[in-house]
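The structure appears right after this line, and notes come after that.
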Amino acid sequence: MPIVFEGVPYLLVALGDGTLLYYVMDPSCAALSGKKRVTLGTRPLSLKRFRTRGDNTCVFVCSDRPSVIYSIDKKLVFSSVNIKEVSFMCPLHTKAYPNSLAMATLDKLMIGTIDEVKKPQIRSIPLGVTPLKIAHQSSTSSYAILTAESGVLIPGEKEAELFGVVASSLAMSTSESRAAPETVCPRDLSHVLFMHQSTYEITHAHQLLPDEQGICITSAKLKDDEEYFVVGTAIVLPDGTDPKDGRILVFKYDSGELQLVAEKESKGAVYAVVPFHGKVLCTIGNIVRLYDWTTEKEMRLECSHFNHVKALKSLKAKGDFILVGDMMLQSMTVLLYRLDLSCLEETVLRADNFFNLAVCQKDSSSPNEDERLHMIETELFHLGEKINVYCHGKLFMQDATEISVPIQGCVLFGTVNGAIGLCCQIPKEFSKCLFELQEKMSESLLLAGGTVGKIDESKGFIDGDLIESYLELDHEKQEEIAKNISLPGGTPATADELIRLVLDLAQLH
Numbered sequence: 036m037p038i039v040f041e042g043v044p045y046l047l048v049a050l051g052d053g054t055l056l057y058y059v060m061d062p063s064c065a066a067l068s069g070k071k072r073v074t075l076g077t078r079p080l081s082l083k084r085f086r087t088r089g090d091n092t093c094v095f096v097c098s099d100r101p102s103v104i105y106s107i108d109k110k111l112v113f114s115s116v117n118i119k120e121v122s123f124m125c126p127l128h129t130k131a132y133p134n135s136l137a138m139a140t141l142d143k144l145m146i147g148t149i150d151e152v153k154k155p156q157i158r159s160i161p162l163g164v165t166p167l168k169i170a171h172q173s174s175t176s177s178y179a180i181l182t183a184e185s186g187v188l189i190p191g192e193k194e195a196e197l198f199g200v201v202a203s204s205l206a207m208s209t210s211e212s213r214a215a216p217e218t219v220c221p222r223d224l225s226h227v228l229f230m231h232q233s234t235y236e237i238t239h240a241h242q243l244l245p246d247e248q249g250i251c252i253t254s255a256k257l258k259d260d261e262e263y264f265v266v267g268t269a270i271v272l273p274d275g276t277d278p279k280d281g282r283i284l285v286f287k288y289d290s291g292e293l294q295l296v297a298e299k300e301s302k303g304a305v306y307a308v309v310p311f312h313g314k315v316l317c318t319i320g321n322i323v324r325l326y327d328w329t330t331e332k333e334m335r336l337e338c339s340h341f342n343h344v345k346a347l348k349s350l351k352a353k354g355d356f357i358l359v360g361d362m363m364l365q366s367m368t369v370l371l372y373r374l375d376l377s378c379l380e381e382t383v384l385r386a387d388n389f390f391n392l393a394v395c396q397k398d399s400s401s402p403n404e405d406e407r408l409h410m411i412e413t414e415l416f417h418l419g420e421k422i423n424v425y426c427h428g429k430l431f432m433q434d435a436t437e438i439s440v441p442i443q444g445c446v447l448f449g450t451v452n453g454a455i456g457l458c459c460q461i462p463k464e465f466s467k468c469l470f471e472l473q474e475k476m477s478e479s480l481l482l483a484g485g486t487v488g489k490i491d492e493s494k495g496f497i498d499g500d501l502i503e504s505y506l507e508l509d510h511e512k513q514e515e516i517a518k519n520i521s522l523p524g525g526t527p528a529t530a531d532e533l534i535r536l537v538l539d540l541a542q543l544h
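Here you go:
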C-alpha cells in the first residue's frame, strides 16, 4: 500500500506471517530506501486506510493483534488497538455513526471510533493525599498505591474544602487494621488504595494503624503460585527518631475483594521488600531478612544478614544473588543465597546522592579473594538528578520496533524530579561510533556557564540526549561532524547514515 504520512511517501508491504515491511519511497524515480521490518501479529495482515476526526491519515492493520499506524514528527508509530482479532475493517460515516469504523471479528460485527491520534498525554488521577509507592499486578488488572498523611485538619475547617475529596472516601469498599480513635483526622491516616488498571476506579481502601505509614510495596508470586501484594510499613514516632516497629502485610486482591492473608510484626521499619524464589525478602532497619511462605500461608523467618549500618531502599534480587545498598556507608553488598557458589560476572548499576550513575563489576576470576569480593567502578556518568527507583523494562514495543542497533539489559529508572530514564547496553562496534559522535557533539555545542575548574569526566556512558541533538543541527553542520567518524565495519560515516542511526536509537523512547 503506497501512502503519504506528513508529506513523506511510504510503501507498506503486509506479509502472511504477521510481518510488515515499510520503505521510504521516491515517486520521481520509483526508488525504495530505508527498509524496516516490524512484527504486528502471527497471521496474515490486511491494511485499510482511514482518517481520524482530526483528518489525520492512518492505517488500520487487521490481524490477530490489530493496530493502527500513524506518524508523529515524521516517524511511524505503531499503536495497539484495545480489541482482539479483527479480520476486516472499513470506514463508516453516517448520521448515526459519524467518523466511525466497522470491524468484523470471528463472531461479531463491531462499530467504534478511534480517538484522535496525538502524542502521549499525561492523565492526572486526583487522590487528595500524597502517593508514596505504586505496584501493578497484571493477573488482577489492578494497581496498589500507598498514600501518606499530608496535613492536620484545623478545627472549624471542612475537610473537603481544605484538601479536596480524599481518595479513600471514594472507595467502593473499605477495611482497616484497627479502628482509629475519633480524634484522629482521616487525613492523618495512611491507606493502601486498590485501583482498576483501566478505569482508575478505587475499588478498595485499607486503612493502616494510626502513626503507621506504608514504606514499600510489591506484587509477588509466592510458593503457592498465587499473586499477592506485599506491603512494608513503619510506625512513625512523633519525635522524628528512627522507627522501632513496623509490619509486613500480605494482601490477596481479586475482583474488588481484599483479604489480609498474613501479617508479620518487625523490630524496625520495613524499608524494602522484593519477591525471591517464592519467598519474601526484605530489609528491616539494618538487617536483611528472608521469610519463607508456608503452606498455612504464614511467613516464617528463614535466614538473616546483619552486616549493614542502614540497609534502606536499595534491595534487588536476581537469580540467587541479592544486592543491598547501604545508605550510611554509601556501599553495596552482594549476597549469595545458595551454597553452590557460581561465578558472578554480571554488572551492577548504582546511583548515589551526588546525582551520579555508575556501573560496578565484580572480578570473580581474580586469584585474590579480597579482589573477588571487591566491586570495581568501571563506568561513571553525572546524571544531575537523584534516582530513587530502578526496574528492568523498556519504553518501546519490542516486537513492533526494529532497531539496527542490537541492545540488551534495558533498565528503567525514575528520579525525584519526576523524570523517567532508560539505560541499556550497546555492542562495542556501535559504541565506538557513538562515542566519536558524542565527543564531536560536545565540542561543537556551546555549553552554558563557561567556568573553568576541575571536572571528573564521564566514562563508559553515551549521553542519549546529546546524541539526539544531532538531529537538530543544520545539514551543513551535520556533514562537518560526520567527518572522520567510522561506522561499524570501519566504513566512513555520512550525515544521512548518522541521522538514520540516531533516529533508530530515538525509537527506544
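Counting in my numbering, the sequence shown runs from 36 upward without gaps.
Beta carbons are placed, not taken as given, at the ideal position from N, Cα and C, and that holds for glycine.
What you are looking at is a predicted structure, and each value in this text was computed from that prediction instead of being measured.
- For Cys468, the enclosing alpha helix (DSSP H) covers residues 463-479.
- Considered as a whole, the region 294-331 harbours 305-311, 314-319, 322-328 as its complete beta strand (DSSP E) runs of no fewer than 3 residues, in chain order.
- Approximately 19 Å separates the beta-carbon atoms of Val285 and Val323; this is outside 8 Å, ruling out the contact.
- With contacts defined as CB atoms closer than 8 Å, Leu415 and Asn391 qualify as a contacting pair.
- Residue pairing by DSSP places Pro166 opposite Thr182 in a beta bridge.
- Listed in chain order, the non-local C-beta contacts of Gln242 below 6 Å within the same chain comprise Glu211, Leu224, His226, local neighbours out to five positions each way being set aside.
- Close CB contacts of Asn452 within its chain, under the 7 Å cut and outside five residues either way in sequence, are with Glu420 (chain order).
- In the DSSP assignment, no residue is bridged to Arg535.
- Membership of Ala137 in the beta strand (DSSP E) is indicated by the continuous run 135-139.
- With the rule of 3 Cβ pairs closer than 8 Å, the region 70-82 counts as touching the region 91-100.
- In this structure, the straight-line span from the alpha carbon of Asp531 to that of Asn134 is close to 39 Å.
- Rounded to the nearest whole angstrom, the CA to CA distance from Val59 to Lys512 is 24 Å.
- Closest by C-alpha distance to Ala49, out of Phe40, Lys71, Leu82, is Leu82.
- If you draw a 10 Å sphere on the C-beta of Ser159, you find fewer than 16 other C-beta atoms in it, and that means exposed.
- With respect to the C-alpha of Leu536, the residue from Gly456, Ser174, Trp328, Lys71 having the closest C-alpha is Lys71.
- Residue environment for Phe40: buried (at least 16 other C-beta atoms within 10 angstroms of its C-beta).
- Contact between the region 307-327 and the region 268-276 is absent, with fewer than three C-beta pairs closer than 8 Å.
- Rounded to the nearest angstrom, the gap between the Cα atoms of Leu370 and Leu447 is 23 Å.
- Spatial neighbours of His510 in its own chain (CB-CB distance under 8 Å, excluding positions within 5 residues in sequence) are listed in chain order as Ala530.
- When C-alpha distances from Ala297 are compared across Asp539, Tyr306, Arg282, the shortest belongs to Arg282.
- Here Asn519 is exposed: its Cβ has fewer than 16 other Cβ atoms, across all protein chains shown, within 10 Å.
- Pairing Val315 with Glu337, the inter-Cα distance amounts to about 10 Å.
- Contact between Val266 and Gly291 does not hold, since the beta-carbon distance rounds to 18 Å and is not under 8 Å.
- Sequence-distant Cβ neighbours of Phe341 in its own chain, meaning closer than 6 Å and more than five residues away, are Ile322.
- By the neighbour-count definition (other C-beta atoms within 10 Å, threshold 16), Ser301 is a buried residue.
- In this structure, Leu472 lies near Tyr505, with their beta-carbon atoms less than 8 Å apart.
- With contacts defined as CB atoms closer than 8 Å, Leu543 and Leu430 qualify as a contacting pair.
- If you draw a 10 Å sphere on the C-beta of Pro278, you find 16 or more other C-beta atoms in it, and that means buried.
- Assigned with DSSP and collapsed to three states, Gln232 falls in coil, not helix or strand.
- Boundaries cannot be given for Ala65, as no alpha helix (DSSP H) includes it and DSSP labels it neither H nor E.
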